[in-house]
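In what follows, a structure is listed as structure tokens, so that the remarks can point back to it.
In the numbering used here, the protein residues as written are 947 to 1033.
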């Protein structure tokens, strides 16, 4: 454990940030799973609404710095393409 006051504070902050980031990533994965389930089920309208939520969560994660902006953009693009390919 750190002895210096600033190092102790940084350790506490890192722990808090880690918890927040994990929660954010977990939300992204849950929304992704919902979109993929809708795509697999062939329910296009459900997939579109789930994609909207997924896109929003990705943008928020990118804004907070949990994931990179280009990473979020790439994930949204690939998911939109998968929805477009549905019959």
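C-beta: ideal position from N, C-alpha, C; glycine also.
Can you give the Cα-Cα distance for residue i and residue j, rounded to whole angstroms?
{"i": "residue 966", "j": "residue 960", "result": "10 Å"}
{"i": "residue 991", "j": "residue 948", "result": "53 Å"}
{"i": "residue 952", "j": "residue 1011", "result": "23 Å"}
{"i": "residue 987", "j": "residue 978", "result": "14 Å"}
{"i": "residue 962", "j": "residue 1024", "result": "32 Å"}
{"i": "residue 958", "j": "residue 964", "result": "10 Å"}
{"i": "residue 1004", "j": "residue 1014", "result": "10 Å"}
{"i": "residue 956", "j": "residue 982", "result": "38 Å"}
Check the C-beta distance from residue i over to residue j and give it rounded, since I have them as a contact under 8 Å.
{"i": "residue 974", "j": "residue 1029", "result": "No, residue 974 and residue 1029 are not in contact; Cβ-Cβ is about 17 Å, not under 8 Å."}
{"i": "residue 1022", "j": "residue 1001", "result": "5 Å"}
{"i": "residue 1008", "j": "residue 1018", "result": "4 Å"}
Would a C-beta distance cut-off of 8 Å place residue i and residue j closer than the cut-off?
{"i": "residue 976", "j": "residue 996", "result": "no"}
Excluding sequence positions up to five away, which residues of its chain have a Cβ less than 6 Å from the Cβ of residue i?
{"i": "residue 984", "result": "992, 993, 996"}
Ordered along the chain, which non-local residues of its own chain (more than five positions away) have a Cβ less than 8 Å from that of residue i?
{"i": "residue 1006", "result": "970"}
In the stretch 976-1031, which residue ranges form an unbroken beta strand (DSSP E) of at least 3 residues, counting only runs that do not cross its ends? none
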